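Below is one structure; the comments refer to it alone.
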Amino acid sequence: MLSSFAALLFLAVPDPLAALGPVPAGTVRIYLVRHGQALSNLEPPPPPSAAPHGLDHLTPLGEAQARKVGEILAGQGVKLVLTSPAGRAKESAQQIAAALGAAPTRVETRLRPLELGRDASGKPLSWDDRAKEFAGGRDPAPAGGESMAQVGERVMALAKGLQAEAPAASIALVAHGEVIAAFVGEIQGTPPAQRYPPRLANGSITVVEARPDGSVALLLANHVPPGMPSPPR
Numbered sequence: 040m041l042s043s044f045a046a047l048l049f050l051a052v053p054d055p056l057a058a059l060g061p062v063p064a065g066t067v068r069i070y071l072v073r074h075g076q077a078l079s080n081l082e083p084p085p086p087p088s089a090a091p092h093g094l095d096h097l098t099p100l101g102e103a104q105a106r107k108v109g110e111i112l113a114g115q116g117v118k119l120v121l122t123s124p125a126g127r128a129k130e131s132a133q134q135i136a137a138a139l140g141a142a143p144t145r146v147e148t149r150l151r152p153l154e155l156g157r158d159a160s161g162k163p164l165s166w167d168d169r170a171k172e173f174a175g176g177r178d179p180a181p182a183g184g185e186s187m188a189q190v191g192e193r194v195m196a197l198a199k200g201l202q203a204e205a206p207a208a209s210i211a212l213v214a215h216g217e218v219i220a221a222f223v224g225e226i227q228g229t230p231p232a233q234r235y236p237p238r239l240a241n242g243s244i245t246v247v248e249a250r251p252d253g254s255v256a257l258l259l260a261n262h263v264p265p266g267m268p269s270p271p272r
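Going by this note's numbering, the first residue of the sequence shown is number 40, and it counts up by one from there.
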């Protein structure tokens with residue numbers, strides 16, 4: 040079953056971000072960025088001896104990806120960066136903000152990763168456990184965890200709140216693949232279980248607008264800017 044991103048049409052122009060044009064009056068344009076490559080994204084992940092501070096940190100490639108995103112967003116008038124509290128997202132936000140000329144940055148808990156939760160015995164669930172549920176068309180909210188629907192709802196609430204707080208602004212949100220996919224699915228009305236897997240590249244940019252009539256529109260998804268640093272093939 041295809042994820043919500045599989046059916047999206049992308050803008051077939053040299054610079055799809057520039058093609059978006061100016062931000063309409065009363066609207067906040069939101070640039071959702073998946074964090075740069077993290078140690079946890081490596082296959083296989085490095086052993087503890089090679090990652091003494093854990094896997095929730097960017098690789099050198101991930102830092103370069105985040106810097107590139109910042110350079111791109113500098114041309115889009117972005118003045119504020121909100122980030123998930125996860126280390127890989129905060130480190131990405133730091134690189135982006137620096138490229139934006141020390142733009143203000145703040146942690147936003149509604150951008151946190153999906154909470155996996157626990158099974159009936161109290162054992163922590165893994166992504167493999169949750170993926171089996173999604174593959175079966177189910178989107179449960181386990182004990183101590185969240186459904187994809189709940190993730191989409193919390194980011195939707197954030198987007199609408201930003202429109203009320205800062206209309207006619209451009210803001211970057213640094214988050215996670217499943218969080219962005221859940222939000223896009225919420226916009227498009229995709230069944231929650233079909234929003235996984237997200238298929239979003241590290242450093243990709245997804246653009247939405249929160250409008251004064253209360254609507255939220257998807258403008259561009261999973262855009263990887265030309266020249267984005269990528270892993271060797």
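Just so it is clear, CB atoms sit at the ideal spot from N, CA and C, and this is done for glycine as well.
The structure presented is a predicted model; accordingly, all values stated were derived computationally and were not measured.
Residue i - DSSP class collapsed to helix/strand/coil
{"i": "N80", "result": "helix"}
{"i": "T148", "result": "helix"}
{"i": "R157", "result": "strand"}
{"i": "L97", "result": "strand"}
{"i": "L59", "result": "helix"}
{"i": "A90", "result": "coil"}
{"i": "A182", "result": "strand"}
{"i": "G176", "result": "coil"}
{"i": "G140", "result": "coil"}
{"i": "S269", "result": "coil"}
Rounded straight-line distance, which links the Cα of residue j to that of residue i
{"i": "L94", "j": "R169", "result": "21 angstroms"}
{"i": "P231", "j": "M187", "result": "6 angstroms"}
{"i": "A203", "j": "L119", "result": "15 angstroms"}
{"i": "E172", "j": "T229", "result": "16 angstroms"}
{"i": "G175", "j": "P251", "result": "37 angstroms"}
{"i": "P86", "j": "G253", "result": "47 angstroms"}
{"i": "K107", "j": "A113", "result": "10 angstroms"}
{"i": "R68", "j": "S88", "result": "42 angstroms"}
{"i": "L201", "j": "P124", "result": "18 angstroms"}
{"i": "E147", "j": "P53", "result": "33 angstroms"}
{"i": "S209", "j": "V117", "result": "5 angstroms"}
{"i": "A260", "j": "Q227", "result": "12 angstroms"}
{"i": "A58", "j": "P91", "result": "44 angstroms"}
{"i": "A167", "j": "S79", "result": "According to the sequence provided, residue 167 is Asp. The question's Ala does not apply to it. Distance between the alpha carbons of D167 and S79: 15 angstroms."}
{"i": "L197", "j": "R149", "result": "7 angstroms"}
{"i": "V247", "j": "G191", "result": "14 angstroms"}
Beta-bridge pairing of residue i - partner residues as DSSP gives them
{"i": "E248", "result": "R68, A256"}
{"i": "S209", "result": "R68"}
{"i": "A214", "result": "R73"}
{"i": "H262", "result": "I244"}
{"i": "P163", "result": "R157"}
{"i": "L119", "result": "I210"}
Exposure label - residue i; buried when at least 16 CB within 10 Å
{"i": "R177", "result": "exposed"}
{"i": "T98", "result": "buried"}
{"i": "A105", "result": "buried"}
{"i": "H262", "result": "buried"}
{"i": "A211", "result": "buried"}
{"i": "A77", "result": "buried"}
Interface flag, residue i vs chain B, CB-CB below 7 angstroms
{"i": "V67", "result": "Going by chain labels, chain B is absent from the structure shown, which holds only one protein chain."}
Notebook entry, point to check: Should the segment 63-74 be called in touch with the segment 204-221, which here means at least 3 C-beta pairs below 8 angstroms?
Noted result: Segment contact: the segment 63-74 against the segment 204-221, three or more CB-CB distances shorter than 8 angstroms; contact assigned.
Margin query: Would the segment 148-161 count as touching the segment 129-137 if we require 3 or more Cβ pairs under 8 angstroms?
Written below: These segments do not touch.
Note to self: Contact between the segment 261-269 and the segment 230-247 is defined here as three or more beta-carbon pairs at a separation below 8 angstroms; is this criterion met?
What the structure shows: Short answer: they touch.
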